[in-house]
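A.B. asks:
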Amino acid sequence: MRSVAFQYHAPRSLDEALAILAEVAPEDGRIIAGGQSLVPTMAFRFVRPGHLVDINRIAGLDRLSEQPVVASVPAPDAAPGTELVIGALVRHAAFHRPVVAGPLGRLLTEVAGHIAHYPIRMRGTFCGSLAHADPASEWCLVASTLDARLVLRSVRGERIVRADDFFTGVMSTAIEPDEMLVEARITLPSAGARMGFDEFSRRRGDFALAMALVSFDLVDGRIHSPRVGVSGVEDRPCRIAQAEALLEGCVPAIDVFQAAARAAAAAVDPLEQPQLPAIYRRELVESSVRRALERAWV
Amino acid sequence: MSAAIAAAGETPVVDRPTEAPVAVPGTTAPHNDRPDPFGQSVTRLEDLPLVRGQGRFAADLSFPHQLHMRMVRSPVAHARLLGVDASEALAMRGVVAVWTAQDVVGIPCIPLREGPSVELDPYLQPILARDRVRYVGDPVAAVFATDPFIAEDAAERVSLDLESLPVLTDATAALGEFAPGLPTQPTTIRKGYGDIEAAFAKAACTVELELATGRHSGVPLETRGAIGRYDAARDVLELHGAAKVPHRNRDALARMLGRSPHAIHLFELHVGGGFGVRGEIYPEDVLVLLAAMRLERPVKWIEDRYEALMTTNQSREQVHRVRAAVAADGFVLAMDDEFFHDQGAYVRTHGDRVADMTAGILPGGYVLPAYRVTGHYRLTNKTPAATYRAPGRFESSFVRERLFDAIAQRMGIDPIELRRRNLIRPEQMPFPRGIETIEDNIVFDSGDYPLLLQKTLDALDWPRLQADLQARRAQGEAVGVGLACFVEKSGLGPADGVRITVDFTGAVEVVTGGASVGQGFETVVAQICASTLGVDYRRVRVVHGRTDRIQYGVGAHAGRATVMTGSATHNAALRVRAKALDMAASMLGCAIEGLDIVDGRVIRRGDSGPGLALGDVASALAPTARARGEREPGLTAEGWYETPSMTYPYGVHVAVVRVDRDTGAARVERFFVGYDVGRAVNPMLVEGQIVGGVAQGIGGALLEEFAYDENGEPLAVTLADYLLPTLDDIPPVEVMITEDAPSPLNPLGIKGAGEAGINGVGAAIAAAIDDAIGQPGAVTRLPVTPVRLKALLRQRAG
């Protein structure tokens, strides 16, 4: 469990980092931030990067702030409002307390508590999780369900990708080898938005076997623009349109939630995994979606 | 009774009978302000270096110019090994040697500890695979390099020419072939007594079950490690990183390597957990020794976690087909069991002892007039198996107690009442079980099983607990309670000895052949020595795990250290005490009978004078001291303890479990252990042993499983897949230690405690889950994973 030899780079600026990355990309050069996923896979020799570009010394990448929503090419219709900007060096532990007022801040704190264990949360990063794209990653579910915009930069320039287009499979994303995920942007929901999260794992801190994230507004006592996201089940996080359609316009109630949860369970196509029959994964999806909805409502 | 229960974090209180404790001959009750350390929860002597980060584990030890060893292991579960090509590895800078089976031709397979066996010897593991590989992880070659990174790089470049063979992963399936002419069933264990057929013929009811325990094992925080060093100046071969049974291993290694046991020494460092798996002889231990001699440099090998989960002994995997003949009143007339023991790819040092112990202890503490067992000891293409804490007992308690729960259900008798009707009564003690196991004729030496059951029920306020759970179930919660009774075994003999020496400062050294796997061995032996001799236990230094200091030793396994080494310590301390009193009487000019030793000083009874320091008595006994006269030199003595048979502590486990019907997750809310340990030398350490054991038991009951796919590929080779319980999974464990049945077999009345916490956990949790989901008999297989529990819930719903 010792990594193969690699070259280590410690740039001081983003430009320097991107320049090195462009140079080493053909030799499986990789960004390292918290290293909480990358280093164990290197120890097992599952991955053998020739170069590691350590971004921890670059000032400003720990940006965690609000800004007016920036309209961008893939999201020209982005509603006006405020977005939360999460830089490449923002650690999971930054979310131990709400980083913004309102439902999103509370939700992110709830979600962060499910990510691995305290020492891992002190080092691992939000953007690192997205770039790693483990199907059981909590932050990937957040990004997918809340339609985050991911800012990718390289010496060739900058592009912004919607979460839907960003995740392409198990540990696979739209990031090009010479690109770096420099920040994620999430639009702040309305102050009255209801958000809920549920996850099931064998032990506290383990990889989830299923999780669900839901969000909706209440207009005249009825559910409006619901989002139902599920992860840990398929190769990437996904929204469940069938469940959302069932919720839209309904008065929140247990049976409504149960119907949506059943629809979600029916809609997912669980990954084939030894010792984890699909029927069981569907049952977990059902209970996670129902519980997330109950939590959002209460 | 509740005063006797310690909640987590409190100092445990022992439920001691009111009559006088067992008298320790030759001593008197202490009459100063320092209490007798025997029976006290004194703090551990071992802890200071450990909590200061000054501990020294195998990976901490290095010698100048050492080489690093890395194993090349089989990537497949069963194949013919046609060739090994190491040329590319050998060409790498820093690689000193690569060995295959051809380089170790004269070295025999790793032998059985208890001596040769015609049946089992053909199935032993060679230190490097010869013409077949038989499990994923089977060592095929060893790379020696100047640096551990180079060694690992080079090991990857050794290529193996393998030709697939059929893979066997199920011990209940048709037999395969270990080698030409050697079927995968080396032996069958048969035991029994009484007339089984007659019992079943007259039974009012018969109950039959198929039950399985999953493959899991001890996973010490510290992985294995071995550092071999040959000291040519003294012609001594050294193995550092030994554990558990250094003396027995020294003898085996001496035989394998053709050396005198005087010319090979084993050294124990700090041991980060043993649990039965650490400290056995594995191929790597032999290889570092051989390489140290041949390559003339120290050789270090530290197992990584991936290897640990793939190659260190696994355990527990059995399938039982058991049936009971029951009389109309619930008295169980007979038990008949056939089981399949999955030994994995090779017979290792324990041989068939786990299967044998399973067969021997399965009847537990019930009367059972007739019993028959057939154990099929079978090889498969999985990691070899051996002992793990409470070997054969965790498994057999699950089977027996599941059977008794099923009988209770079938007969409509309360499960507690059923047990009462069947438990051996105190007036039947000593109770000959009528069978032997591991060369020991089982005779339960002492015990009041119904009393411990009653004390447990009282401590828990059983009727109220039942009412509370009933009320919660009525509210829709899936919560239940389960109980298991068991008899433990400990103090496997036959003999152990120690040497105690008092130096001129009054400090005491106890040289033992024992071993410490972190259980508090030094403290307990020091307490016994201090109590018998009359000194402060903190002035007693306990030497263990060094074959160069003492010729014999039993090590630390099978719940024997306190019983065997402790009793030998007591006997040696009595002799040192007698010597000291004899010398002091002469120095003080008074009769021996008027003297006592208190806190390291010889004093006249009833006299408040300063007396004589034990160190001065030791000086007077120096070989050069005139005062010694004709006395044997040195304030030192050896003491031995021999036992005719094992001693049998016993316990009751109770689990309260809540089930999440949606996810199938089972959570242990509460766990209670009632245990009679004969006499507790240090109740705090007994409690620590029990709590740790419960944690491991919960792992085996709910989480841990070494699963394999149909190709024999191991599916749990990281700690993300092999799920050890975390603090979050362990409830506060309530422990009630009783001393109602001291052992008549040893001078201190003590019995073992190391396996008390784990024995009945699987059985109790299984019963609690049945109760929680309202499906009696639902759990037939451990671990009860959420997937399996959901399947049970679905079965019922469907």
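Chains as they are written, first to last, in my numbering: chain V, 6 to 303; chain Y, 313 to 1110. Think of the CB as a built atom: it goes at the ideal place given N, C-alpha and C, for glycine as much as any other residue. Everything numeric in this text was worked out from a predicted model, so none of it was measured.
Rounding to the nearest angstrom, what Cα-Cα distance links Y/Q497 and Y/T1092 in this structure?
C.D. replies: The residue given as residue 497 of chain Y occupies position 185 in the second sequence. The residue given as residue 1092 of chain Y occupies position 780 in the second sequence. For Y/Q497 and Y/T1092, the distance between alpha carbons rounds to 25 Å.
A.B. asks: Mind listing the chain Y neighbours of V/S292? Cutoff is C-beta to C-beta under 7 Å, in chain order.
C.D. replies: Counted from its first residue, the first sequence places residue 292 of chain V at position 287. What V/S292 touches in chain Y: D974 and T975.
A.B. asks: Are the beta-carbon atoms belonging to Y/F756 and Y/V711 less than 8 Å from one another?
C.D. replies: Locating residue 756 of chain Y in the second sequence gives position 444, where the first residue counts as 1. Locating residue 711 of chain Y in the second sequence gives position 399, where the first residue counts as 1. No, the Cβ-Cβ distance between Y/F756 and Y/V711 is not below 8 Å.
A.B. asks: From the DSSP output, which residues share a beta bridge with Y/D649?
C.D. replies: In the second sequence, the residue the question calls residue 649 of chain Y occupies position 337. Partner(s): Y/V634 and Y/V685.
A.B. asks: Residues in its own chain within less than 7 Å of Y/R571 by CB, not counting five upstream and five downstream?
C.D. replies: Looking up residue 571 of chain Y in the second sequence gives position 259. Residues of the same chain with a CB within less than 7 Å of the CB of Y/R571, apart from the 5 flanking positions on each side, are L549 in chain order.
A.B. asks: Anything in chain V within Cβ reach of Y/E464, meaning under 7 Å, just list it in chain order.
C.D. replies: As a working note, residue 464 of chain Y is residue 152 in the second sequence. Chain V residues near Y/E464: R7.
A.B. asks: I need the straight-line Cα distance from Y/H559 to Y/R853, nearest angstrom please.
C.D. replies: To locate residue 559 of chain Y, count along the second sequence from 1; it is residue 247. To locate residue 853 of chain Y, count along the second sequence from 1; it is residue 541. Going by the C-alpha atoms only, they are around 20 Å apart.
A.B. asks: Quick test of the definition: if touching needs 3 or more C-beta pairs under 8 Å, does the stretch 1004-1016 of chain Y touch the stretch 1026-1040 of chain Y?
C.D. replies: yes
A.B. asks: How would you write the range of the beta strand (DSSP E) that V/M176 sits in, first residue to last?
C.D. replies: As a working mapping, residue 176 of chain V is identified with position 171 in the first sequence. DSSP places V/M176 outside any beta strand (DSSP E), giving it a letter other than H or E.
A.B. asks: Would you list, in sequence order, the uninterrupted beta strand (DSSP E) runs of no fewer than 3 residues that lie entirely inside the stretch 1007-1085 of chain Y?
C.D. replies: 1045-1050
A.B. asks: Relative to the C-alpha of V/D170, which candidate in V/P182, V/L155, V/E249 and V/V160 has its C-alpha closest?
C.D. replies: As a first step, residue 170 of chain V must be located in the first sequence, where it is residue number 165. Nearest neighbour of V/D170 by Cα position, chosen from V/P182, V/L155, V/E249 and V/V160, turns out to be V/L155.
A.B. asks: On the DSSP letters alone, give me the boundaries of the beta strand (DSSP E) that V/V166 sits inside.
C.D. replies: The count along the first sequence starts at 1 and reaches residue 166 of chain V at position 161. G162 to R167 is the extent of the beta strand (DSSP E) around V/V166.
A.B. asks: When you compare the CB positions of Y/V1003 and Y/T874, do they come within less than 8 Å of one another, or not?
C.D. replies: On the second sequence, position 691 is the one that residue 1003 of chain Y refers to. On the second sequence, position 562 is the one that residue 874 of chain Y refers to. No; because the gap between Cβ atoms is not below 8 Å, this pair is not in contact.
A.B. asks: My assumption, with CB atoms under 8 Å, is that Y/G656 sits in contact with Y/T692. Please give the rounded CB distance.
C.D. replies: As a working note, residue 656 of chain Y is residue 344 in the second sequence. As a working note, residue 692 of chain Y is residue 380 in the second sequence. Right, their Cβ atoms sit about 6 Å apart.
A.B. asks: In the DSSP assignment, what are the bridge partners of Y/K503?
C.D. replies: If you number the second sequence from 1, residue 503 of chain Y lands on position 191. Y/K503 pairs with Y/V685.
A.B. asks: Evaluate V/Y1 with the Cβ neighbour count: other Cβ atoms within 10 Å of its Cβ, from every protein chain shown; 16 or more gives buried, anything less gives exposed.
C.D. replies: Residue 1 of chain V lies beyond the range of chain V shown here (6 to 303); nothing can be said about it.
A.B. asks: Count the other CB atoms within 10 Å of the CB of V/E288; is the residue buried (16 or more) or exposed (fewer)?
C.D. replies: Here residue 288 of chain V refers to the residue found at position 283 of the first sequence. Per the 10 Å Cβ criterion, buried.
A.B. asks: If you measure between the beta carbons of Y/G1000 and Y/V964, is that distance less than 8 Å?
C.D. replies: Taking the first residue of the second sequence as position 1, residue 1000 of chain Y is located at position 688. Taking the first residue of the second sequence as position 1, residue 964 of chain Y is located at position 652. Result no, Cβ atoms of Y/G1000 and Y/V964 do not sit closer than 8 Å.
A.B. asks: Give the secondary structure of Y/L777 by DSSP, where H, G and I count as helix, E and B as strand, and everything else as coil.
C.D. replies: Start at 1 with the first residue of the second sequence, and residue 777 of chain Y comes out as number 465. It is helical.
A.B. asks: With 8 Å as the limit, tell me which residues of the stretch 1009-1027 of chain Y have their beta carbon closer than that to any beta carbon of chain V; keep them in chain order.
C.D. replies: Within the stretch 1009-1027 of chain Y, the residues whose Cβ lies closer than 8 Å to some Cβ of chain V are L1015, A1019, D1021 and L1027, listed in chain order.
A.B. asks: Looking at the C-beta of Y/L1035, does it have a partner C-beta in chain V at a distance below 8 Å?
C.D. replies: As a first step, residue 1035 of chain Y is located in the second sequence; it is residue number 723 there, counting from the start. At least one chain V Cβ lies under 8 Å of Y/L1035.
A.B. asks: Name the chain V residues that come within less than 7 Å of Y/P1095, Cβ to Cβ?
C.D. replies: Here residue 1095 of chain Y is taken as the residue at index 783 of the second sequence, counted from 1. Residues of chain V passing the Cβ test: none, with the nearest at roughly 11 Å.
A.B. asks: By DSSP, does Y/A335 sit in helix, in strand, or in coil?
C.D. replies: In the second sequence, residue 335 of chain Y corresponds to position 23, counting from 1. Low confidence applies to Y/A335: its pLDDT is 40, below 50, so where it sits in the model is not reliable enough to give any reading.
A.B. asks: Please name the residue in V/L157, V/L214, V/M185 and V/S149 whose C-alpha comes closest to that of V/A168.
C.D. replies: Within the first sequence, numbered from 1, the residue matching residue 168 of chain V stands at position 163. Distance check between V/A168 and each of V/L157, V/L214, V/M185 and V/S149 places V/S149 closest, using alpha-carbon atoms only.
A.B. asks: Using a Cβ-Cβ distance cut-off of 8 Å, determine whether V/Q280 contacts chain Y.
C.D. replies: Position 275 of the first sequence, counting from 1, holds the residue named residue 280 of chain V. At least one chain Y Cβ lies under 8 Å of V/Q280.
A.B. asks: Report the neighbours of V/L289 on chain Y: residues whose CB is nearer than 7 Å to its CB, in chain order.
C.D. replies: As a first step, residue 289 of chain V is located in the first sequence; it is residue number 284 there, counting from the start. Neighbours of V/L289 on chain Y, chain order: T975.
A.B. asks: Spatial neighbours of Y/I909 within its chain, please: C-beta separation below 8 Å, excluding the five flanking residues on both sides.
C.D. replies: In the second sequence, the residue the question calls residue 909 of chain Y occupies position 597. Same-chain partners within the cutoff: L845, G846, V847, R889, A892, L893, I915 and L926.
A.B. asks: Let me know the secondary structure DSSP gives Y/I812 once reduced to three states.
C.D. replies: By one-based count along the second sequence, residue 812 of chain Y stands at place 500. Y/I812: strand per DSSP, three-state reduction.
A.B. asks: With a threshold of 8 Å between beta carbons, is Y/D654 in contact with chain V?
C.D. replies: Looking up residue 654 of chain Y in the second sequence gives position 342. Taking Cβ atoms only, chain V never reaches closer than 8 Å to Y/D654, which makes this a no.
A.B. asks: Please confirm whether Y/V448 and Y/E1025 have their CB atoms less than 8 Å apart.
C.D. replies: Mapped onto the second sequence, residue 448 of chain Y falls at position 136. Mapped onto the second sequence, residue 1025 of chain Y falls at position 713. In contact: Y/V448 and Y/E1025 (Cβ atoms closer than 8 Å).
A.B. asks: Chain V beta carbons: is any one of them nearer than 8 Å to that of Y/K767?
C.D. replies: Translated into positions along the second sequence, residue 767 of chain Y becomes position 455. No, because no Cβ of chain V sits closer than 8 Å to the Cβ of Y/K767.
A.B. asks: What residues match up with Y/L472 in a beta bridge as DSSP calls it?
C.D. replies: Translated into the one-based positions of the second sequence, residue 472 of chain Y becomes position 160. Y/V396, per the DSSP bridge assignment.
A.B. asks: Enumerate, from N- to C-terminal direction, the unbroken alpha helix (DSSP H) stretches of 4 or more residues contained entirely within the stretch 41-108 of chain V.
C.D. replies: 43-48
A.B. asks: With distances taken Cα to Cα, identify the nearest neighbour of V/A93 among V/P231, V/E239, V/E188 and V/T178.
C.D. replies: By one-based count along the first sequence, residue 93 of chain V stands at place 88. Nearest option by C-alpha distance: V/E188.
A.B. asks: Taking Cβ to Cβ, would you say Y/Q831 is nearer than 8 Å to Y/P349?
C.D. replies: For the purposes of this step, residue 831 of chain Y is identified with residue 519 of the second sequence, where counting begins at 1. For the purposes of this step, residue 349 of chain Y is identified with residue 37 of the second sequence, where counting begins at 1. It is not a contact, given that the beta carbons lie outside the stated cut-off.
A.B. asks: Of the choices Y/A453, Y/I736 and Y/A842, whose alpha-carbon is the least far from that of Y/A441?
C.D. replies: Indexing the second sequence from 1 puts residue 441 of chain Y at position 129. Y/A441 has its Cα closest to that of Y/A453, out of Y/A453, Y/I736 and Y/A842.
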